[in-house]
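Going by full-length UniProt numbering, 43 is the number at position 43 of the sequence shown; the sequence numbering is gapless.
Worksheet: one structure, shown below.
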Amino acid sequence: MNKLDEREIVIRKKARLVAQGHIQEEGIYYDEVFAPVTRIEAIRLFLAYASFKDFVVYQMDVNSAFLYGKIEEEVYVCQPPGFEDPDFLDRVYKVEKALYVLHQAPKACYETLSTYLLDNGFQRRMIDKTVFIKRDKRLQVKQKEDEIFISQDKYVNEILNKFSFFYVKTASTPMETHKTLLKDEKGEDVDEHLYRSMIGSLM
Numbered sequence: 001m002n003k004l005d006e007r008e009i010v011i012r013k014k015a016r017l018v019a020q021g022h023i024q025e026e027g028i029y030y031d032e033v034f035a036p037v038t039r040i041e042a043i044r045l046f047l048a049y050a051s052f053k054d055f056v057v058y059q060m061d062v063n064s065a066f067l068y069g070k071i072e073e074e075v076y077v078c079q080p081p082g083f084e085d086p087d088f089l090d091r092v093y094k095v096e097k098a099l100y101v102l103h104q105a106p107k108a109c110y111e112t113l114s115t116y117l118l119d120n121g122f123q124r125r126m127i128d129k130t131v132f133i134k135r136d137k138r139l140q141v142k143q144k145e146d147e148i149f150i151s152q153d154k155y156v157n158e159i160l161n162k163f164s165f166f167y168v169k170t171a172s173t174p175m176e177t178h179k180t181l182l183k184d185e186k187g188e189d190v191d192e193h194l195y196r197s198m199i200g201s202l203m
């Protein structure tokens, strides 16, 4: 397989291991093969919303995307020509990742990607199973023509309210520098759980 440029000139030679999916039998080698495809309505809605909010839209491509999908079924293939193990010519390879032409490859690829997105805070939208959104209330992003402003004003206010510090005064540093710390013998013990919660909110 060769990769061509716009002038049909070979710029790179590519080799790809594929499986003989045409000999797979449903119920034996695979069960479900469905993988959702983005609907044109979802794409239009996404682009319209991005335009309304003045978002910059990026398009990315995953190289050899199918190879990231993990298959659940047991699939075995013959040793490919040129890559036979001379000591074990009678053995076969067990396939753990989705190969091109396998019936279950598209579904395995989608499930791997969707699981990763869901585990990292994204939510799958009802309008289309290929649309995932992640909302972060802690971060506010304001975009202008050549500038992007990022702030956490809302999150700061939430933390101040949570710990009843909303009316405290701001300071460049929480205490005087180079001040010797002395133990207050009459002071009450600090609530360790509350203190850890405060520190954790800042990290």
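Quick reminder that beta carbons are idealized off the backbone N, C-alpha and C, glycines included.
Extent of the continuous beta strand (DSSP E) run through residue i
| i | result |
| --- | --- |
| Asn2 | 2-4 |
Chain-order list of residues whose beta-carbon lies under 6 Å from that of residue i (same chain, five-residue window excluded)
| i | result |
| --- | --- |
| Ser201 | Ile159 |
| Phe66 | Ala98, Tyr100, Ala105, Cys109 |
| Ser114 | none |
Residue(s) in a DSSP beta bridge with residue i
| i | result |
| --- | --- |
| Tyr195 | DSSP, once it has assigned bridges, lists no residue as partnering Tyr195. |
| Tyr167 | According to DSSP, Tyr167 bridges with nothing at all. |
| Arg124 | Phe132 |
| Lys13 | Asn2 |
| Lys94 | Tyr76 |
| Lys70 | Lys97 |
Other residues of its chain near residue i: CB distance less than 7 Å, five sequence neighbours each side excluded
| i | result |
| --- | --- |
| Leu17 | Pro80, Leu99 |
| Ala50 | Val57 |
Residue j beta carbon less than 8 Å from that of residue i
| i | j | result |
| --- | --- | --- |
| Val56 | Leu47 | no |
| Tyr155 | Thr112 | no |
| Lys53 | Lys97 | no |
| Thr177 | Thr38 | no |
Between the CA atoms of residue j and residue i - distance to the nearest angstrom
| i | j | result |
| --- | --- | --- |
| Lys183 | Asp189 | 11 Å |
| Arg124 | Phe163 | 33 Å |
| Ile133 | Phe122 | 5 Å |
| Ser172 | Glu185 | 28 Å |
| Asn2 | Lys14 | 6 Å |
| Ile40 | Ile127 | 11 Å |
| Glu147 | Asn120 | 27 Å |
| Tyr195 | Tyr116 | 33 Å |
| Asp87 | Cys78 | 15 Å |
| Leu170 | Lys179 | Residue identity check: residue 170 is Thr in the sequence provided, not Leu. Each residue's Cα considered, the two are about 19 Å apart. |
| Ala42 | Phe165 | 44 Å |
| Asp61 | Arg135 | 23 Å |
| Val168 | Asn157 | 12 Å |
| Leu89 | Val10 | 35 Å |
| Glu6 | Asn161 | 60 Å |
Residue i, enclosing alpha helix (DSSP H) - first and last residue
| i | result |
| --- | --- |
| Lys107 | 105-119 |
| Arg44 | 40-52 |
Cut-off 8 Å between Cβ atoms - residues of its own chain near residue i, not counting five sequence neighbours on either side
| i | result |
| --- | --- |
| Tyr76 | Val92, Tyr93, Lys94, Val95 |
| Phe83 | none |
| Arg12 | Asn2, Lys3 |
| Leu45 | Ile127 |
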